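Visitor: These protein sequence lines are chains A and B, in that order. Counting along the first sequence from 1, when you hit position 113 you're at 121 in my numbering, and nothing is skipped either side. Counting along the second sequence from 1, when you hit position 26 you're at 34 in my numbering, and nothing is skipped either side. No residue lacks a Cβ here, since even glycine has one placed at the ideal position from N, Cα and C. Because the structure is a prediction, the values reported are computed rather than measured. I'd like to ask some things about the structure below.
Protein chains: 2
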Amino acid sequence: MARPRQFDETEVIESLMKVFWEKGYEATSMQDLVAASGLLKGSLYGAFGDKHALYLAALKHYDRTRIQAGIDMLDGDGSPRQKIARLFDSVIESTKRGIFAGGCLLCNASLEMAAINRPVKNEVKTTIRRLKLAIMEALRAQVADEDRAASLAAFIVSAYFGVRVLAKGGAPAAMIGDTRDHCLQLLP
Amino acid sequence: MARPRQFDETEVIESLMKVFWEKGYEATSMQDLVAASGLLKGSLYGAFGDKHALYLAALKHYDRTRIQAGIDMLDGDGSPRQKIARLFDSVIESTKRGIFAGGCLLCNASLEMAAINRPVKNEVKTTIRRLKLAIMEALRAQVADEDRAASLAAFIVSAYFGVRVLAKGGAPAAMIGDTRDHCLQLLP
DNA sequence: CTTATTATTGACCAATTGGTCAATAATATT
DNA sequence: AATATTATTGACCAATTGGTCAATAATAAG
Chain A
9 MARPRQFDET EVIESLMKVF WEKGYEATSM QDLVAASGLL KGSLYGAFGD KHALYLAALK
69 HYDRTRIQAG IDMLDGDGSP RQKIARLFDS VIESTKRGIF AGGCLLCNAS LEMAAINRPV
129 KNEVKTTIRR LKLAIMEALR AQVADEDRAA SLAAFIVSAY FGVRVLAKGG APAAMIGDTR
189 DHCLQLLP
Chain B
9 MARPRQFDET EVIESLMKVF WEKGYEATSM QDLVAASGLL KGSLYGAFGD KHALYLAALK
69 HYDRTRIQAG IDMLDGDGSP RQKIARLFDS VIESTKRGIF AGGCLLCNAS LEMAAINRPV
129 KNEVKTTIRR LKLAIMEALR AQVADEDRAA SLAAFIVSAY FGVRVLAKGG APAAMIGDTR
189 DHCLQLLP
């Protein structure tokens, strides 16, 4: 009884996300989003809402895809130490490739948007909690004490985020490796 | 033989810095800077250059003042453990106060600007190195091996930056404390 | 006092910003 | 085929963006 969408919603959000990821919220114009998505402004507004809503949708998509990919790396075989190592190595890897300049959209959103946009802050908080819980799960087999697992997970999340800041700031790659090594030292 | 400046340069840069610190580069307009500094646009351009130059000057001022204040906390009495504790406690402290929303301008600059502005990236790199060296210095008495001091310092800088991301993202304060505690565990 | 030099001022600019809307198009139901 | 409903389109908007510049003011040197 109505005209259907002419586009795939997820596909469009994926393209919007990439722009916000690379440029940040403020540096991204609606024109950029129009160009990246192939839709026109009116369609974007009609389907998703204003620029803040687009950003929030992009952030949620990042959670569902990229953060989830990170969490997936914590599954599978190996000791906690080996699992966490995979997390840090993925940062080192992407730093070496050095093509995409976005870094981590979650960190970017935390620093650029969380303080001024409540929904973004909530999303950031939720995703951090999710990441922390996944790390706790990865530690579960070897770290019996729940509180200790939680505090270790918090610590690892911090170091992981810190490394993302270093990487984007152009700090020597060795600093990332050093961080990784000291973190692993505290793990079974 | 010429008209002298009618303003104190450092004072003006301090006011500009606060705006960039709180809002970021893109979200700050020249109007914001005009309002904060009390100068007019022409004077700002004449004295410092364009918006990017203003930002860079602000970042350098942040290094000279706020980062230096952090480094100063590493001086004085106490074990390395106690010194580094002071660094993390200052973040916990400012999180509790919760008034100023800027977080750490160095981290903000790294994520928002380093990837797209070479001079900013260089300044970020330089300041990170300076911070790392100061931490090495704080470890020197107890950590004889230079390489070990360097890698420990890199690790601490990461955790410190990570904690700034967590803080701005609204993560529970306990995560910052947990990070602190695990870091200190690796220190003499 | 005159002059050379620099600082300050505010009007001005084209370009871009995020956002709206009436007209049109496409569909599913009846 | 007619209709109701939603999607798409692109022209349009006021406001703001970063930046410029000629006129004016203030000073130090001669």
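(1) Judging by CA-CA distance, which residue of ALA43(A), CYS191(A) and LYS129(A) is the nearest neighbour of SER159(B)?
(2) Work out the CA separation of THR73(A) and GLY185(A) for me, nearest whole Å.
(3) If we ignore side chains and look at the alpha-carbon of each, how far apart do MET5(B) and GLU120(B) end up?
(4) Evaluate MET201(B) with the Cβ neighbour count: other Cβ atoms within 10 Å of its Cβ, from every protein chain shown; 16 or more gives buried, anything less gives exposed.
(5) Please decide whether ALA93(A) counts as near chain B, where near means a Cβ-Cβ distance under 8 angstroms.
(6) Between which two residues does the alpha helix (DSSP H) harbouring SER87(A) extend?
(7) Between the segment 175 to 183 of chain A and the segment 116 to 133 of chain B, are three or more C-beta pairs nearer than 8 angstroms?
(8) For GLY178(A), which three-state DSSP category applies?
(9) Just to make sure I have the definition right: I need the residues of chain B whose C-beta is within less than 8 angstroms of the C-beta of LYS176(A). Which are they?
(10) Following the continuous alpha helix (DSSP H) through MET144(A), name the residue where it begins and the one where it ends.
(11) Can you tell me the Cα-Cα spacing of ASN125(A) and PRO88(A), whole angstroms?
(12) Note the first and the last residue of the continuous alpha helix (DSSP H) segment covering ASP40(A).
(13) Rounded to whole angstroms, what's the CA-CA distance from HIS69(B) to THR18(B)? Just pull it up for me.
(14) Between which two residues does the alpha helix (DSSP H) harbouring ASP71(A) extend?
(15) Measuring only between beta-carbons, confirm whether SER102(A) sits less than 8 angstroms from chain B.
(16) I'd like to know if LEU160(B) contacts chain A, where contact means its C-beta is closer than 8 angstroms to some C-beta of that chain.
(17) Measure the CB-CB distance between LEU114(A) and ILE75(A) and report whether it falls below 8 angstroms.
(18) Please confirm whether GLN193(B) has its beta-carbon closer than 8 angstroms to some beta-carbon of chain A.
(19) Beta-carbon of LYS49(B) versus every beta-carbon of chain A: anything under 8 angstroms?
(20) Is it true that the segment 37 to 51 of chain B meets the segment 136 to 143 of chain B, where meeting means three or more beta-carbon pairs spaced less than 8 angstroms apart?
(21) Please tell me whether ILE136(A) has its Cβ less than 8 angstroms away from any Cβ of chain B.
(22) Taking GLY110(B) as the reference, which of TYR168(B), SER166(B), TRP29(B) and ILE143(B) has the closest Cα?
(23) Check whether the Cβ atoms of THR187(A) and ALA117(B) lie closer than 8 angstroms to each other.
(24) Say whether chain A places a C-beta atom closer than 8 angstroms to the C-beta of ASP83(B).
(25) With 16 other CB atoms within 10 Å as the buried threshold, where does GLY170(B) fall?
(26) Rounded to whole angstroms, how far is the Cβ of TYR168(B) from the Cβ of VAL128(B), which I believe are closer than 8 angstroms?
(27) Can you give the Cα-Cα distance for LEU147(B) and GLY84(B), rounded to whole angstroms?
(28) Excluding the 5 residues preceding and the 5 following LEU67(A) in the sequence, name in chain order all residues of the same chain whose CB lies nearer than 6 angstroms to its CB.
(29) Counting only beta-carbon separations shorter than 8 angstroms, does TYR63(B) have a partner in chain A?
(30) If you draw a straight line from the C-alpha of ALA55(B) to the C-alpha of ASP16(B), how long is it?
(31) Between GLY57(A) and chain B, is any beta-carbon pair separated by less than 8 angstroms?
(32) What are the start and end residues of the alpha helix (DSSP H) that includes GLY54(B)?
(33) DSSP state of GLY111(A), grouped into three classes?
(34) State the CB to CB distance for the pair ALA142(A) and LEU82(A), rounded to an integer number of angstroms; the pair is presumed to be in contact (CB under 8 angstroms).
Guide: Answer, in terms of the structure:
(1) When ALA43(A), CYS191(A) and LYS129(A) are compared, the shortest CA-CA separation from SER159(B) is found for CYS191(A).
(2) Rounded to whole angstroms, GLY185(A) to THR73(A) spans 25 angstroms at the Cα level.
(3) The first residue shown for chain B is 9 and the last is 196, placing residue 5(B) beyond what the model contains.
(4) A question about residue 201(B) goes unanswered here, because the residues of chain B that appear run from 9 up to 196.
(5) Judged by the 8 angstroms Cβ criterion, ALA93(A) is not in contact with chain B.
(6) Unbroken run through SER87(A): none, as it is neither H nor E.
(7) They touch, by the three-pair rule.
(8) Coil, per DSSP.
(9) For LYS176(A), the C-beta contacts it makes with chain B under 8 angstroms involve SER118, LEU119, ALA122 and ALA123, in order along the chain.
(10) Membership of MET144(A) in the alpha helix (DSSP H) is indicated by the continuous run 126 to 148.
(11) Taking the Cα positions, ASN125(A) is about 35 angstroms away from PRO88(A).
(12) Counting along the chain, the alpha helix (DSSP H) containing ASP40(A) begins and ends at 38 to 45.
(13) Rounded to whole angstroms, HIS69(B) and THR18(B) show a C-alpha spacing of 8 angstroms.
(14) ASP71(A) -> no alpha helix (DSSP H), and no H or E assigned at all.
(15) Chain B contact via Cβ: absent.
(16) So yes, LEU160(B) belongs to the interface.
(17) The beta carbons of LEU114(A) and ILE75(A) sit closer together than 8 angstroms.
(18) For GLN193(B), the answer is yes, since a Cβ of chain A falls inside 8 angstroms of its Cβ.
(19) Judged by the 8 angstroms Cβ criterion, LYS49(B) is not in contact with chain A.
(20) No: fewer than three Cβ pairs fall under 8 angstroms.
(21) True, the Cβ-Cβ gap to chain B drops below 8 angstroms.
(22) If we check each option's Cα against that of GLY110(B), TRP29(B) comes out closest.
(23) No; because the gap between Cβ atoms is not below 8 angstroms, this pair is not in contact.
(24) ASP83(B) does not count as touching chain A.
(25) With 16 or more Cβ atoms within 10 Å of its Cβ, GLY170(B) is classed as buried.
(26) About 20 angstroms separates the Cβ atoms of TYR168(B) and VAL128(B), ruling out a contact at the 8 angstroms cut-off.
(27) Cα to Cα, the separation comes out at about 12 angstroms.
(28) Only ALA117 and GLU131 meet the Cβ criterion.
(29) It does not: the Cβ of TYR63(B) has no partner Cβ on chain A nearer than 8 angstroms.
(30) If I take the Cα positions, the gap works out to 11 angstroms.
(31) Cβ-Cβ to chain B under 8 angstroms: no for GLY57(A).
(32) Membership of GLY54(B) in the alpha helix (DSSP H) is indicated by the continuous run 49 to 56.
(33) For GLY111(A), the secondary structure class from DSSP, reduced to helix, strand or coil, is coil.
(34) With 8 angstroms as the limit, ALA142(A) and LEU82(A) qualify as a contact, their Cβ atoms being about 5 angstroms apart.
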